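Chains as they are written, first to last, in this note's numbering: chain A, 1 to 280; chain B, 281 to 597. For each residue, glycine too, the CB sits at the ideal point set by N, CA and C. Only a predicted model underlies this, so the values are computations on that prediction, with no experimental measurement involved. One structure is given here, and the rest of the page talks about it.
Spelled out as structure tokens, the structure:
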């Protein structure tokens, strides 16, 4: 009953790390193909939020006399808003690119199956989703700059004060957002997906120091303390440190400490939750 | 056959417990040894533990106890290593709905380390072999049930697995699609030489396709042999089911006493008589039932009668 083994494809002869790397790359190629197919959707979900916010707060309101009272010096509202909107763009991708599709793929269709059966540890299947969402986060972040600068009726005082801080904050933020997306995608059922928006996206955005620097919350002390649990706060503040250092912001060690801690916590929780969902 | 390094699949003492006792174990200490190149069937009613067993062998379910070797790889300690050697068709359409038919196959090949060119060549071959060429650009939600299952099968074969697992592959398919799928499995087995492990609750499927069959019930393997041997040895005999026009509690005992009758039981109206193979016994039974006989059904030895003999119940009861 013994027959000759089938001819060995590359996967069976390559070393373990090579097999994992090829499988990981295959998952990236699959996600890239899907993104290309759904590129208009990606563009819309990435552009709409910063576009409307910039339009209303830095164009419509100044023109209609309802403008935000600027701070001293070159603190226009657009200047305060830009890092915040970049932060939101990064975070929103984590939810849109990981949580929403994953919730469906893990739901009744179980279409994650083929990727789970790929020859690499299940943990890496989850990490790939996060890594790919991080790429989208970075693209989304880059798209916010021209929009704010072009649309705003007031001048935007932005220059990269520190490339290392900018790169580190964007990278860490992209992974925090991706891991949060992975966690939400594994615990929220497809039917409850709307809840992600009302219970996560909206509160995180509005209380994420997007439209005001954290320091300005001093006058509402309790809120200033409560918002410290919001990961977006550290992203907004970190981007202010990198892009608009004249706007008050948290000290960078605090920002990085928090972002590294959040990456670790969300990373462990989300991967464990993903494994629980795909392995009985 | 036992623990032969040539075996494609070895399960020993495999147990899966989802809830603490007294809840029964989903899989209860089973041993299975499948040599290379065999088409092996796990037959049993729904809830027998077949899907859990396949889940364990394909690394999707972690066993509570026992050892699992897939193509020689310890699937519990090294699931990623084991996954390199297997292809899986689940009982649900788990194809990637964001991708077309051809893309499902292509990316599956990429996951398993094929280069872009290798994957394209292999996809073209499989699309052709499964007569999917015309639908290669169709998106998954547009596929009918039978077509989707064929795509799943093609997908599972892209990386030339040593073992192909088919979990209830024909459930929900119309008879034509079912036969087409059987033929495809046999054709690909002949062409690629892989081992096939399939679960089913269709007797005909196990009987027609499988070199050997394990009959499972309540998490245990009751018997494991070639279908013909099971029919012959499992005490299964021709089963004569009599329906009486009015209850007769003594009927079963009276029939059991007839020569050539192995056993008889029933509730008075419905009497099930196990008859040893041999001509002439069935007419005797019918004659002995007398005027009260309303209807009679004769079932030749099959895996179904074997299952009844082993468990006292039908596969679909």
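The alpha helix (DSSP H) enclosing residue i, as first and last residue numbers
| i | result |
| --- | --- |
| residue 445/B | Segment 443-447 is the beta strand (DSSP E) holding residue 445/B; no alpha helix (DSSP H) there. |
| residue 246/A | No alpha helix (DSSP H) contains residue 246/A, which DSSP labels as neither H nor E. |
| residue 292/B | No alpha helix (DSSP H) contains residue 292/B, which is instead part of the beta strand (DSSP E) from 287-296. |
| residue 99/A | Looking at the DSSP string, residue 99/A is not in any alpha helix (DSSP H), and its letter there is neither H nor E. |
| residue 333/B | 330-337 |
| residue 592/B | First-last for residue 592/B: undefined, no H or E at that position. |
| residue 216/A | Taken as a continuous stretch (DSSP letters only), residue 216/A belongs to no alpha helix (DSSP H), as it is neither H nor E. |
| residue 437/B | 425-437 |
| residue 469/B | 455-472 |
| residue 113/A | 113-116 |
| residue 422/B | Taken as a continuous stretch (DSSP letters only), residue 422/B belongs to no alpha helix (DSSP H), as it is neither H nor E. |
Residue i, DSSP secondary structure in three states
| i | result |
| --- | --- |
| residue 305/B | coil |
| residue 410/B | coil |
| residue 2/A | Any reading at residue 2/A is ruled out, since the residue's pLDDT is 41, under 50, leaving its predicted position unreliable. |
| residue 504/B | strand |
| residue 538/B | coil |
| residue 323/B | strand |
| residue 523/B | strand |
| residue 478/B | strand |
| residue 554/B | strand |
| residue 283/A | In the structure as shown, chain A starts at 1 and stops at 280, and residue 283/A therefore has no counterpart that could be examined. |
| residue 374/B | coil |
| residue 48/A | helix |
| residue 317/B | coil |
| residue 310/B | strand |
| residue 210/A | coil |
Whole-number beta carbon distance between residue j and residue i, since they are thought to touch under 8 angstroms
| i | j | result |
| --- | --- | --- |
| residue 375/B | residue 403/B | No, residue 375/B and residue 403/B are not in contact; Cβ-Cβ is about 14 angstroms, not under 8 angstroms. |
| residue 479/B | residue 363/B | Wrong, their Cβ atoms sit about 19 angstroms apart, outside the cutoff. |
| residue 316/B | residue 475/B | 5 angstroms |
| residue 90/A | residue 137/A | 4 angstroms |
| residue 27/A | residue 115/A | 6 angstroms |
| residue 434/B | residue 444/B | The pair is not a contact, with the Cβ atoms about 11 angstroms apart (cut-off 8 angstroms). |
| residue 262/A | residue 127/A | So it is not a contact: roughly 16 angstroms between Cβ atoms. |
| residue 551/B | residue 541/B | That belief does not hold up - the Cβ atoms of residue 551/B and residue 541/B are roughly 11 angstroms apart, past 8 angstroms. |
| residue 578/B | residue 503/B | Contact flag wrong, Cβ pair sits at about 23 angstroms. |
Alpha-carbon spacing of residue i relative to residue j, whole angstroms
| i | j | result |
| --- | --- | --- |
| residue 441/B | residue 273/A | 29 angstroms |
| residue 598/B | residue 473/B | An answer regarding residue 598/B cannot be provided, because it is not within the stretch 281 to 597 covered by chain B. |
| residue 218/A | residue 247/A | 15 angstroms |
| residue 152/A | residue 182/A | 34 angstroms |
| residue 493/B | residue 265/A | 48 angstroms |
| residue 60/A | residue 148/A | 13 angstroms |
| residue 288/B | residue 352/B | 7 angstroms |
| residue 226/A | residue 365/B | 51 angstroms |
| residue 586/B | residue 188/A | 46 angstroms |
| residue 298/B | residue 422/B | 36 angstroms |
| residue 32/A | residue 221/A | 45 angstroms |
| residue 462/B | residue 304/B | 33 angstroms |
| residue 424/B | residue 410/B | 15 angstroms |
Residue i, enclosing beta strand (DSSP E) - first and last residue
| i | result |
| --- | --- |
| residue 189/A | First-last for residue 189/A: undefined, no H or E at that position. |
| residue 483/B | Careful: residue 483/B lies outside any beta strand (DSSP E), inside the alpha helix (DSSP H) at 483-489. |
| residue 497/B | 492-497 |
| residue 573/B | 573-579 |
| residue 345/B | 345-350 |
| residue 366/B | 366-369 |
Cβ of residue i within 7 angstroms of any chain B Cβ
| i | result |
| --- | --- |
| residue 190/A | no |
| residue 61/A | no |
| residue 329/A | Here chain A has residues from 1 to 280 only, and residue 329/A is not among them. |
| residue 221/A | no |
| residue 106/A | no |
| residue 30/A | yes |
| residue 26/A | yes |
| residue 128/A | no |
| residue 110/A | yes |
| residue 99/A | no |
| residue 22/A | yes |
Residue-level contact to chain A via CB, residue i, 7 angstroms cutoff
| i | result |
| --- | --- |
| residue 387/B | yes |
| residue 405/B | no |
| residue 585/B | no |
| residue 349/B | no |
| residue 445/B | no |
| residue 368/B | yes |
| residue 295/B | no |
| residue 307/B | no |
| residue 503/B | no |
| residue 372/B | yes |
| residue 393/B | yes |
Heavy atom of the ligand MG within 6 angstroms of residue i beta-carbon
| i | result |
| --- | --- |
| residue 26/A | This structure lacks the ligand MG; in fact it carries no ligand of any kind. |
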